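Engineer: If you use mature numbering (1 follows the signal peptide of the UniProt record, and there is no 0), the sequence shown corresponds to residues -28 to -1, 1 to 446, in order. All C-beta atoms in this analysis are idealised placements derived from N, C-alpha and C, irrespective of residue type, glycine included. Nothing here was measured: the structure is a model prediction, and the numbers come from that model. The structure follows.
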Amino acid sequence: MYCNNYRTGMMFLCMSLLLLFSFMESQAERLEVVGPEAPLVAVAGEDLVLPCFIKPNTSAVHMRVEWFRLDVEDSLVHLYKDHEDKYEKQAQSYRGRTSLFKQELQKGNASLKLSSLQVSDEGKYKCLVEEENSWYDDITVHVTVEVLGSHPVITMESYDHSGGINLVCESRGWNPEPEVLWMNREGDPLPAEDTQIHRDTEGFSVKRHITVYDYSDSNKFYCRLLQKHHMMETEVNINSEVFEAWKGVVISIIILGLITTAGFILTITCVYQKTVTLRIMEKQEFEKKIKYAVDVTLDPDTASPKLILSNDRKQVTHEDTKQDLPDTPQRFDYSSCVLGKQSFSSGRFYYEVQVRGKTKWDLGVATESINRKGKITLTPQNGFWAVVLRKGNQYKACAGPSVPLTLRENVEKVGVFVDYEEGLVSFYDVMARSHIYSFTGQSFTQKLYPFFSPCNNKKGLNSIPLIIQSDFAL
């Protein structure tokens, strides 16, 4: 009797184990790791989540999760094992920039967060999830890192004896390489030389030449750079006076050539041609903008409690002490900002702000519906079109993401020009009579207000006020 019971018990145990192993095996066979089929695209400097999930949802807390690169030698990006992250063999370039969503592991979420994207992060990533001695699966995730290069710069190189002016458009620091287009006033593409492309550790540099001719009233030309979802554009306006100036220089040089050596002639030609042309063009462009100058004053009802406005509402400074002011919907409560009293919903307008001596500031225009509470981010998507200064010499356009600007010298006075119908916001160095940056192709549907921020005074290092100008000298 005892033997029979023992045999029955053993048979029951064996059957139970077989059923259990069979169930576990079937469960393992049904599990799979899934992720995105299309490449992930993000901008350098941003954070990116690389999706990786176990389906159906199964806890990965007790599993091994490994992220590694398929296209580099030092390939380990992140390792989770034995309930903790292992950093001993992690590639140096990823240290301090990777993490898993620990609370999500129990739901089968093995996604990786990669912070502060770099160009070198572009490539193929493998997500491997393994349950020791029973099951594993993996997926491959492709990552493309976009880098917005410098704003295109147009330079006049030489005069063409057939009656044209040779222009070159240059930009650097892109990834992937952008498309470079030359266009006329109507936006039609113009025939130009092949784009010259160079790649280094900072990305792609591009250069494209074109020869333009005197088209009377239609001498506005655009150099446009396109990169998937991003666009940058610079314009140059060359009227008949410029062409005549070029021709006059050439005639003078020919006469001078009768009595001067060829090398000396060439030097005078290059220097004088560029100087005359740039001066004429920049002066004319600047004078066009000043014609739309408006009188702007600051609106105290929008000013942050840490901002001090002058009695004439033309100057604003930052103070460390917060004033006791009513917290109305119109007022910025955290960021040190203030709007202009005047609003614009059509036409063109221009105003100037003195920034001399400051190490940090924000300037531009903003829509009526912007967020004024808490920390704000200056982007067109949030209703701000702004250029900022940081650390005394770092200029950026807040284009979402920000675009570094390379200027020849520090700006003392900024001119802001808006063409509402054209969707254009342009910034100018008033003293140098030069263009800084333009937001083009925008769509305005709300009132626009001049926007100002003197930024934190940095214990007196940035205490100089922003001063709105009233006199505009041609």
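Measuring only the C-alpha atoms, how far is S410 from S318?
Structural biologist: Spanning the two alpha carbons is a distance of roughly 18 Å.
Engineer: Please check the pair T351 and G372, which I expect to be a contact at CB under 8 Å, by giving their CB distance rounded to whole angstroms.
Structural biologist: Their Cβ separation, rounded to whole angstroms, is 3 Å, which keeps T351 and G372 in contact under 8 Å.
Engineer: Give the DSSP-derived three-state secondary structure of I262 in the structure shown.
Structural biologist: I262 falls in the helix class under three-state DSSP.
Engineer: Counting C-beta neighbours from all protein chains within 10 Å, is the total for residue 456 16 or more, i.e. buried, or is it exposed?
Structural biologist: Lying before the first or after the last residue shown, residue 456 is absent from the chain, which here runs from -28 to 446.
Engineer: Terminal residues of the continuous beta strand (DSSP E) containing A358?
Structural biologist: It spans 356 to 362 - the beta strand (DSSP E) in which A358 sits, taken as one unbroken run.
Engineer: Give the secondary structure of V91 by DSSP, where H, G and I count as helix, E and B as strand, and everything else as coil.
Structural biologist: Correct three-state label for V91: helix.
Engineer: Hey, how far is the Cα of residue 448 from the Cα of N354?
Structural biologist: Past the boundaries of the shown model lies residue 448; the chain is included only from -28 to 446, so the question cannot be answered.
Engineer: So, under 8 Å CB-CB, A14 and V117 are touching, yes? Tell me the CB distance rounded to an integer number of Å.
Structural biologist: Yes, A14 and V117 are in contact; Cβ-Cβ is about 6 Å, under 8 Å.
Engineer: Assuming L311 contacts Y421 under a Cβ cut-off of 8 Å, what Cβ separation, rounded to an integer in Å, is found between them?
Structural biologist: Right, their Cβ atoms sit about 4 Å apart.
Engineer: What is the C-beta distance between G346 and I436, in whole angstroms, given that I count them as a contact (C-beta under 8 Å)?
Structural biologist: With 8 Å as the limit, G346 and I436 do not qualify as a contact, their Cβ atoms being about 27 Å apart.
Engineer: Assign N365 to one of two classes, buried (16 or more other C-beta atoms within 10 Å of its C-beta) or exposed (fewer than that).
Structural biologist: Exposed: under 16 other Cβ atoms inside 10 Å.
Engineer: From V178 to V388, what distance separates their C-alpha atoms?
Structural biologist: So the alpha carbons of these two residues sit roughly 28 Å apart.
Engineer: What whole-angstrom Cβ distance do residue 506 and Q441 have, given they're in contact under 8 Å?
Structural biologist: Missing from the structure shown is residue 506; the chain here goes from -28 to 446 and no further.
Engineer: What does a CB cutoff of less than 6 Å around G121 pick up in its chain, not counting 5 residues either side in sequence?
Structural biologist: Hits under 6 Å: S143, R144, G145, W146.
Engineer: Taking the alpha-carbon positions, what's the E94 to V21 distance?
Structural biologist: The straight-line gap from Cα to Cα measures roughly 13 Å.
Engineer: Would you say G80 faces chain B, with C-beta separation under 8 Å as the test?
Structural biologist: The structure shown contains no chain B, having only a single protein chain.
Engineer: Whole angstroms are fine: how far does the CA of N283 sit from the CA of V268?
Structural biologist: Going by the C-alpha atoms only, they are around 14 Å apart.
Engineer: Would a C-beta distance cut-off of 8 Å place Y400 and K263 closer than the cut-off?
Structural biologist: No; because the gap between Cβ atoms is not below 8 Å, this pair is not in contact.
Engineer: When the Cβ atoms of the region 96 to 114 are set against those of the region 38 to 45, are three or more pairs found closer than 8 Å?
Structural biologist: They touch, by the three-pair rule.
Engineer: When you compare only the Cα positions, how much space is there between V375 and L361?
Structural biologist: Between V375 and L361, the C-alpha separation is close to 12 Å.
Engineer: For Y323, count neighbouring C-beta atoms within 10 Å of its own C-beta (all shown protein chains included) and say buried if the count is 16 or more, exposed if not.
Structural biologist: Buried, because 16 or more other Cβ atoms sit within 10 Å of the Cβ of Y323.
Engineer: What's the C-alpha gap between I280 and V288?
Structural biologist: Straight-line Cα distance between these residues: approximately 6 Å.
Engineer: Under 6 Å Cβ to Cβ from D334, same chain only, skipping five residues before and after it: list those, please.
Structural biologist: Once the five neighbours on either side are set aside, the close Cβ partners of D334 are A358, V360, S425.
Engineer: Got a sec? Which residues, its chain only, sit under 8 Å from D299 by beta carbon, not counting five neighbours each side?
Structural biologist: If we look at D299 and ignore the five residues flanking it on each side, its Cβ neighbours are D305.
Engineer: Compare the Cα-Cα distances from H55 to each of R69, K74, L139, Y66 and report the closest residue.
Structural biologist: Of R69, K74, L139, Y66, the residue nearest in Cα terms is K74.
Engineer: Pick helix, strand or coil for S65, following the three-state DSSP scheme.
Structural biologist: S65: helix per DSSP, three-state reduction.
Engineer: Could you pull the DSSP bridge partners for V327 from this structure?
Structural biologist: According to DSSP, V327 bridges with nothing at all.
Engineer: Going by DSSP, which residues form a beta bridge with K98?
Structural biologist: DSSP output for K98 lists F40, T112 as bridge partner(s).
Engineer: What is the DSSP secondary structure of E4, reduced to helix, strand or coil?
Structural biologist: Strand, per DSSP.
Engineer: Roughly how many angstroms separate the alpha carbons of K431 and S88, rounded to a whole number?
Structural biologist: Distance between the alpha carbons of K431 and S88 is about 30 Å.
Engineer: Starting from the Cα of A16, find the closest Cα among K27, S31, K363, V91 and give me that residue.
Structural biologist: Minimum Cα distance to A16 is reached at V91.
Engineer: Under 6 Å Cβ to Cβ from R2, same chain only, skipping five residues before and after it: list those, please.
Structural biologist: Closer than 6 Å at Cβ, skipping near neighbours: no residue.
Engineer: Near S134, which residues of its chain fall below 7 Å by C-beta distance, leaving aside the five closest residues on each side in sequence?
Structural biologist: There are no such residues.
Engineer: For K27, I'd like the list of residues in its chain whose CB is within less than 8 Å of its CB, leaving aside the five on either flank, ordered along the chain.
Structural biologist: Counting only Cβ-Cβ distances below 8 Å, and skipping sequence neighbours, we find L3, E4, V5, V6, G80.
Engineer: Quick one: measure Cβ to Cβ for L48 and Q62, integer angstroms, because I've assumed they're closer than 8 Å.
Structural biologist: So it is a contact: roughly 5 Å between Cβ atoms.
Engineer: Rounding to the nearest angstrom, what Cα-Cα distance links I111 and A82 in this structure?
Structural biologist: Approximately 11 Å, taken between the alpha carbons.
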